[in-house]
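Everything on this sheet refers to the single structure shown next.
Numbering (the UniProt record's numbering), first residue to last: 1 to 273.
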């Protein structure tokens with residue numbers, strides 16, 4: 001089934017040719033399940049657009065093009081279902097941009113990518129979807145899946161995004177005596193799989209960053225930000241509790257929580273930590 005990818009670009013009567021449309025068309029075609037284009041071929045097309053933009057616009061700022069590119073990439077990424085193979089294709093494309101052999105390579109340092117992804121996250125609602133929303137249609141879930149893939153692939157540990165996901169899933173479970181306790185299933189069945197996916201993909205990377213003391217971002221817990229031993233252990237306990245005792249969660253969600261806790265244990269027991 002083809003991906004229905006759309007972006008509503010603002011109309012500008014003074015701009016007869018808009019670079020954003022060209023970027024989107026190339027990216028959308030590449031991500032379709034039937035596409036035969038290689039990541040290297042698409043990287044070359046993006047470089048051609050970059051060079052064309054620089055030649056045709058005397059005031060063109062290289063970073064301006066990169067911001068446009070990454071904004072479109074992540075706008076599209078939030079539309080790609082979290083388990084779709086095109087999520088991996090996106091990661092492969094980013095690697096191809098970074099490693100491309102053309103010189104000069106404006107994408108070699110992946111400038112503006114991290115801030116653009118953070119900005120995109122800040123624009124998305126974290127609320128669970130309604131029952132009318134289709135499977136795989138939630139931007140928050142889809143973009144988290146990509147961020148976890150990027151972390152696993154070595155593009156830097158997106159610990160801020162991970163901590164937010166863990167906080168939403170594990171640190172806000174309602175007390176059994178509260179009114180919210182009876183309605184907890186909707187939030188848990190949405191947020192726990194996102195958090196579990198992070199651990200299943202990146203427990204090792206997150207654990208190493210915790211041990212290095214470099215994780216200091218995200219919402220605080222007990223007055224402290226980032227990932228630290230007490231918080232890590234709390235998350236592990238919560239995953240275990242959900243897996244064993246949380247009857248408001250679907251079976252698949254509980255199994256995902258069990259696998260996440262197991263990945264945390266494996267990360268802790270690695271010989272080379």
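From the three backbone atoms N, C-alpha and C, an ideal C-beta is built for every residue, glycine too. Being a predicted model, the structure only gives us computed values, none of them experimental.
Can you tell me which of the options puts its alpha carbon nearest to the alpha carbon of residue i?
i: residue 266; options: 187, 96, 247 and 203; result: 203
i: residue 274; options: 207, 215 and 158; result: Outside the modelled stretch of the chain, which goes from 1 to 273, sits residue 274, for which no answer is possible.
i: residue 186; options: 177, 161, 223 and 128; result: 128
i: residue 250; options: 192, 233 and 47; result: 192
i: residue 24; options: 1, 65 and 54; result: 65
i: residue 215; options: 159, 248 and 72; result: 159
i: residue 2; options: 29, 8, 9 and 10; result: 29
i: residue 197; options: 228, 224, 51 and 150; result: 150
i: residue 105; options: 241, 50, 4 and 236; result: 50
i: residue 182; options: 230, 137, 246 and 227; result: 246
i: residue 82; options: 220, 55, 138 and 53; result: 138
Please report the residue range of the alpha helix (DSSP H) in which residue i lies.
i: residue 93; result: 85-99
i: residue 20; result: 19-31
i: residue 126; result: Element bounds for residue 126: n/a, residue is neither H nor E.
i: residue 210; result: 184-212
i: residue 167; result: 159-170
i: residue 6; result: No alpha helix (DSSP H) holds residue 6; DSSP gives it neither H nor E.
Does the Cβ-Cβ distance between residue i and residue j come in under 8 Å?
i: residue 218; j: residue 163; result: yes
i: residue 168; j: residue 147; result: no
i: residue 80; j: residue 90; result: yes
i: residue 248; j: residue 188; result: yes
i: residue 287; j: residue 180; result: No statement about residue 287 is possible, as the shown extent of the chain runs from 1 to 273 and does not include it.
i: residue 243; j: residue 252; result: no
i: residue 121; j: residue 161; result: yes
i: residue 96; j: residue 40; result: yes
i: residue 145; j: residue 87; result: yes
i: residue 232; j: residue 210; result: yes
i: residue 44; j: residue 5; result: no
i: residue 261; j: residue 239; result: yes
I'd like to confirm the pairing. Which residues does DSSP put opposite residue i in its beta bridges?
i: residue 140; result: According to DSSP, which records beta bridges pairwise, residue 140 is partnered with nothing at all.
i: residue 333; result: Outside the modelled stretch of the chain, which goes from 1 to 273, sits residue 333, for which no answer is possible.
i: residue 224; result: 221
Assuming residue i and residue j form a contact by the criterion Cβ under 8 Å, report the distance between their Cβ atoms to the nearest whole angstrom.
i: residue 142; j: residue 77; result: 7 Å
i: residue 113; j: residue 70; result: 5 Å
i: residue 75; j: residue 7; result: 6 Å
i: residue 264; j: residue 224; result: That belief does not hold up - the Cβ atoms of residue 264 and residue 224 are roughly 19 Å apart, past 8 Å.
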